[in-house]
Each structure stands twice: as structure tokens, then as C-alpha cells.
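Below is one structure, written out as C-alpha cells; the observations come after it.
In this note's numbering, the protein residues as written are 88 to 280.
Dropping the structure here:
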């Protein structure tokens with residue numbers, strides 16, 4: 088606020104703002120069923136091993152790192168507008184936890200069906216506000232595993248009966264890491280739809 092008067096105390100000359108009785112809006116309360124769907128937990132290892140789209144070689148290589156602890160993350164959320172939460176499964180290497188595969192499963196009737204997969208080095212997927220966000224590390228020749236040159240972040244949306252690419256972002260990382268030797272890398276091209 089600005090006051091144009093040459094005297095007085097500016098906006099304080101008018102006094103306190105008028106008050107009116109305002110009907111209080113009812114506070115929304117969660118319904119008995121709730122707006123959130125509970126995630127039925129599934130065994131991601133069973134999903135992967137029963138998946139006909141995944142090669143047998145990959146299934147054979149999928150072993151626990153220690154005891155019965157597999158290098159697998161699972162996330163649950165709404166990606167495909169299915170009545171049951173979708174499951175995103177990320178498979179990593181044991182030694183350095185680098186992603187080697189990411190899979191999305193959608194419940195169809197009484198079983199889960201693979202509706203998306205990316206089997207690339209250094210790939211990891213997450214659910215962000217109903218979208219599938221896949222991050223792929225980009226390595227230039229000579230990059231150590233710990234220091235990729237950059238990353239591609241690809242956002243997918245469910246459309247009809249499949250995921251379609253919605254957005255793509257490439258980030259170049261600083262090359263002033265490790266022993267300080269700067270290495271220039273070639274920019275990556277946007278992935279094909």
C-alpha cells in the first residue's frame with residue numbers, strides 16, 4: 088500500500104479493517120474409503136522371474152547380493168489409471184548400485200502385466216505425480232562408472248494402452264571432478280519416441 092497524504096501516518100489513518108461474520112467452510116474429512124489407494128505389496132522378484140518379456144539370461148543373473156537381499160527397488164503408485172496401484176521395479180548391480188533395468192507392471196484382472204521396460208546401463212525410474220520419470224546416466228568414452236558425463240531425464244505419460252514420451256531433459260555434469268582433469272563430452276541426442 089502507498090499513502091499519498093502529506094501528513095498523518097499513511098495507511099494507518101484509516102483504522103482497522105472492517106470485520107464481517109464469515110461462515111466457516113467445513114473442513115474436509117477423509118472418507119471411510121479415503122482418496123488414497125493402498126498399495127498391495129507384491130514380490131518384485133516373482134514379477135521379474137515370471138515376466139515372459141524378460142530374457143532368461145537376465146533372470147538367471149538376478150541373484151541376491153547377500154543372504155536373500157536382492158538389488159531391487161519397488162515403487163507403487165498411479166501411472167496407468169488402473170484400479171490397483173502400478174508397480175515400478177528397478178534392478179541394480181550389487182557392487183555399485185548402478186541401475187541395469189527398470190520395469191512397470193500394471194494389474195490386469197488377477198495378474199500383473201509388463202507395460203514398460205528399459206534395460207540399459209545406469210537406468211532408474213520413479214513415479215512423479217502420475218508420470219513415469221526415467222533417468223539414464225550418459226557416459227562419454229573413458230568415463231568411470233562413478234562419474235558419468237551427464238544424464239537424460241525422460242518423462243512418460245500413459246496414453247490409451249501404452250506410455251508415450253512427454254518430455255526430455257539432458258543435464259551435463261561438471262567435469263571438474265576426481266583428479267581435476269576436465270574432459271569434454273559430446274552432447275546426447277533426444278531419444279526417439
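Just so you know, even glycine gets a beta-carbon here, dropped at the ideal spot from N, CA and C.
Residues bridged to residue 242 [DSSP beta-bridge criterion]:
Reading the chain shown from its first residue, position 155 is the one you call residue 242. Bridge partners of residue 242: 220, 254.
How about residue 189 and residue 211: do their beta carbons lie closer than 8 Å?
Taking the chain shown and counting its residues from 1, one reaches residue 189 at position 102. Taking the chain shown and counting its residues from 1, one reaches residue 211 at position 124. The answer is yes: Cβ separation under 8 Å.
Between residue 233 and residue 159, what straight-line distance do the alpha-carbon atoms span, to the nearest angstrom?
Taking the first residue of the chain shown as 1, we reach residue 233 at position 146. Taking the first residue of the chain shown as 1, we reach residue 159 at position 72. Their Cα atoms are separated by approximately 20 Å.
Provide the residue span of the alpha helix (DSSP H) that contains residue 206, from first to last.
Reading the chain shown from its first residue, position 119 is the one you call residue 206. No alpha helix (DSSP H) holds residue 206; DSSP gives it neither H nor E.
What distance in whole Å lies between the Cβ atoms of residue 213 and residue 220, which are believed to be in contact at a cut-off of 8 Å?
Counting from 1 along the chain shown, the entry for residue 220 is found at position 133. Counting from 1 along the chain shown, the entry for residue 213 is found at position 126. Yes, residue 220 and residue 213 are in contact; Cβ-Cβ is about 5 Å, under 8 Å.
Minimum C-alpha distance to residue 170 - residue among 225, 193, 229
As a working note, residue 170 is residue 83 in the chain shown. Measuring C-alpha to C-alpha distances from residue 170 to each of 225, 193, 229 identifies 193 as the nearest.
Between the alpha carbons of residue 260 and residue 128, how many angstroms are there, rounded?
Counted from its first residue, the chain shown places residue 260 at position 173. Counted from its first residue, the chain shown places residue 128 at position 41. If you take the alpha carbons of residue 260 and residue 128, they lie about 36 Å apart.
Between the Cα of residue 238 and those of 250, 227, 258, 228, spot the shortest distance and give me the residue it belongs to.
Looking up residue 238 in the chain shown gives position 151. Here the closest residue by C-alpha is 258.
Examine the ligand MG and report whether any of its heavy atoms sits within less than 7 Å of the Cβ of residue 152.
The ligand MG is absent from the structure shown, which contains no ligand whatsoever.
Would you give the residue range spanned by the alpha helix (DSSP H) that residue 137 belongs to?
Locating residue 137 in the chain shown gives position 50, where the first residue counts as 1. Segment 131–137, the alpha helix (DSSP H) holding residue 137.
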